[in-house]
Amino acid sequence: MNRFKVEVRELGKDFQARQQILTALEGVNLALSENEFVSLIGTSGCGKSTLLSVLAGLQEPTRGTILLDGAPVEGPGRDRGLVFQSYTLFPWLTAQANVEFALRGNDMAKRERGRVARDHLRLVGLEKFASAYPSELSGGMKQRVAIARALSYRPEVLLMDEPFGALDALTRKVMQELLTSIWEQHRITVLFVSHDVEEAVFVSERVLVMTNRPGKIKEEIEIGLPRPRSHDMLSTPEFAELYGRVLESIRGESLESAGFAANA
Amino acid sequence: MLRIGGSIETHWFLGIAVAVFAALLGLWYLATGIALVQPLFLPSPSTVVDTLIDQAKSGQLWSDAKVSIFRIMVGFAVASAMAIPIGVLIGTYRFWEAAIEPLVDFIRYMPVVAFVPLTILWSGTGDMQKFLIIWIGTFFQQVLLIMDNTKRVPLDFVDFGRTLGMKDQSILARIIVPSAAPGIWDSMRISLGWAWTWLVLAELVAATSGLGYRITTAQRFFETDLIIGYILVLGALGLFFDQTMKFLSRRFFKYEEAGR
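What follows is the structure, given as structure tokens:
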């Protein structure tokens, strides 16, 4: 009866700052279909990370509802996996143990946990680094383990908060291709926050552009690019056209947030 | 070597460090050798070494050191055993921070020295009074250091635990404590150094045994060589314990430097 995996209705989030109330999100409506890859893009400070954090249940919404498979969600839970922008692997655990840590909540024998963790490290191409500590891994490898960790316990929805934001441009590209190919093989519902237009267009089925504070969805753009995708596509006219549309949509917001008139 | 952010090779570093020690020792030899100062005020290095050897041979040095080390171990262990849970608790929960942190902060500024007469009144001049002084001198500092170590656990680690559906108790035990552990260990190492100061202070004021006690009796008999010898021993003991803690830290928290 409910055709959406995730539905957000009239979501609002206020913050109390001194004597003032700051509205970070207002009237946010969005819906993700099952196994859809959707990006949320906006200028820095537009509230996209706040929105993701509210969806993950780490912050309470002030207004509105979040539905997962039609049922309202409150608080965090294993049905939603979050990949952080910062490195959140535990330094005292090996890559393998970091993934197994997430699996403890699943009803699973220890042997089984080991096997599932290994499978997921293989999925991100790090099976050889299973016994490495995070201090021995590069930034890109750490985020790959973090992705493996988030996928391993099979959340219904994967929430990604600029997971490649801290990586250098080249590593970023590699990670985008890796994420794309994983998604193409093992479909899962993903909400991916980014401020990089090219990245958002490349990885997504649909891009949602957010307005500045208070953040809400300004426009949604269907990305009809064929799958499987590779970075060769970046030079095609289809890609350029979509890139241009998203950029144009976000440009007004950037100008405004930088202090220029919106229609400059 | 003399540039901000410059580098230095290990043999240079060691060489310079040894040279400074040697220069000071040479100066000491020179000052006593040409009788610039009277031996009563500053005996020659060889006299100090001879005295220490005598003390070691007679067993006096060892029995004095044993008493002091025992006192520091007990006082420090009790202080740490109390400070770690309390520090972690107030670094994690704002309620406990409000309840405990201002009080600890207040007591921390009370000079430990001023507690010496009080502790003697309470518990005499035996071991218990030494434990008390070491405890007062380290516990309150440790609590605040450990609170800081705990607060430095990245909030995203805690949030990640939440997204896994972990309960607060299990986040505390399985994420916060292991994450703060290297910092806590380092705080312990630093506070162990202070514990030595408080121990010797307590032994100087009122004691019938221990390294500090030996120094006060030496003063009565103008045994400057013994005083200086024991001060050097105290320095060496402190350094030894510090290095041991550092060594253990590298063993326990190997993962921190695995990639470096």
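Top to bottom, those sequences are chains Y and Z. Following the numbering used here, the numbering of the first sequence begins with 152 at its first residue and continues without gaps. Following the numbering used here, the numbering of the second sequence begins with 38 at its first residue and continues without gaps. We put the CB at the ideal spot given by N, CA and C, even for glycine.
- Z/Tyr-66 and Z/Gln-97 have their C-alpha atoms some 26 angstroms from each other.
- Shown here for Y/His-382: same chain residues with a beta carbon closer than 7 angstroms to its own, the five before and five after excluded, namely Lys-324, Glu-328 in chain order.
- Interface with chain Z (8 angstroms Cβ-Cβ cutoff): Y/Trp-334 is excluded.
- Rounded to the nearest whole angstrom, the CA to CA distance from Z/Gly-198 to Z/Gln-206 is 11 angstroms.
- Taking a contact as a CB-CB distance under 8 angstroms, the pair Z/Val-115 and Z/Trp-235 does not count as one, their CB atoms being some 13 angstroms apart.
- Contact with chain Y is found for Z/Glu-294, since one of that chain's Cβ atoms lies less than 8 angstroms from the residue's Cβ.
- Taking all protein chains in view, the Cβ of Z/Met-38 is surrounded by fewer than 16 other Cβ atoms within 10 Å, so the residue is classified as exposed.
- Z/Gly-128 counts as buried, since no fewer than 16 other beta carbons sit within 10 angstroms of its beta carbon.
- For Y/Gly-290, there is no enclosing beta strand (DSSP E); the residue is found in the alpha helix (DSSP H) stretching over 290-303.
- Here Y/Lys-164 is bridged, per DSSP, to Y/Leu-176.
- In chain order, Phe-241, Trp-243 make up the part of chain Y whose C-beta sits under 8 angstroms from the C-beta of Z/Pro-215.
- By the Cβ criterion, the segment 297-315 of chain Y is in contact with the segment 331-340 of chain Y, since at least three pairs of Cβ atoms, one from each stretch, lie closer than 8 angstroms.
- In the displayed model, Y/Met-361 falls within a strand according to three-state DSSP.
- Secondary structure at Y/Val-267: helix, using DSSP grouped into helix, strand and coil.
- For Y/Leu-233, the nearest beta carbon of chain Z is closer than 8 angstroms to its own beta carbon.
- The three-state reading of DSSP puts Y/Glu-335 in helix, counting H, G and I together.
- The residue from Z/Val-55, Z/Pro-191, Z/Glu-293, Z/Lys-167 with its alpha-carbon nearest to that of Z/Phe-113 is Z/Lys-167.
- The shortest CA-to-CA distance from Z/Arg-108 to any of Z/Phe-58, Z/Ala-255, Z/Leu-229, Z/Thr-187 is the one to Z/Leu-229.
- Secondary structure of Z/Arg-40 (DSSP, three-state): coil.
- Those residues of the segment 190-202 of chain Z placed with their C-beta closer than 8 angstroms to a C-beta in chain Y are Pro-191, Asp-193, Phe-194, Asp-196, Phe-197, Arg-199, Thr-200, Leu-201, Gly-202, ordered along the chain.
- At a Cβ-Cβ threshold of 8 angstroms, Z/Ile-264 and Z/Ala-273 do not count as neighbours.
- In this structure, the CA atom of Z/Pro-219 is about 7 angstroms from the CA atom of Z/Phe-290.
- Remark: C-beta atoms of Y/Ala-297 and Y/Val-354 do not approach each other more closely than 8 angstroms.
- For the segment 376-397 of chain Y, the set of positions with a beta-carbon nearer than 9 angstroms to some beta-carbon of chain Z is empty.
- With its beta carbon less than 8 angstroms from one in chain Z, Y/Ala-207 belongs to the interface.
- Counting along the chain, the unbroken alpha helix (DSSP H) around Z/Arg-199 starts and ends at 192-200.
- Annotation for Z/Gly-128: no beta strand (DSSP E) segment contains it, though the alpha helix (DSSP H) segment containing it runs 97-129.
- Interface residue (Cβ-Cβ distance to chain Z less than 8 angstroms): Y/Ala-246 is not classified as such.
- Nearest CB-CB separation between Y/Ser-355 and chain Z: not below the 8 angstroms threshold.
- Residues of chain Z whose Cβ lies closer than 8 angstroms to the Cβ of Y/Arg-229 are, in chain order, Thr-200, Leu-201, Gly-202.
- Classified as exposed, Y/Gln-170 has fewer than 16 neighbouring CB atoms from the shown chains inside 10 Å of its CB.
- Positions of the beta strand (DSSP E) runs, each at least 3 residues long and wholly inside the segment 341-390 of chain Y, are given as 357-361, 368-373 in order along the chain.
- Listed along the chain, the chain Z residues whose CB falls inside 8 angstroms of the CB of Y/Gly-256 are Leu-201, Gly-202, Met-203.
- For Y/Ser-286, the nearest beta carbon of chain Z is closer than 8 angstroms to its own beta carbon.
- In its chain, beyond the 5 residues on either side, Lys-164, Thr-201, Ser-204 have a beta carbon closer than 8 angstroms to the beta carbon of Y/Gln-210.
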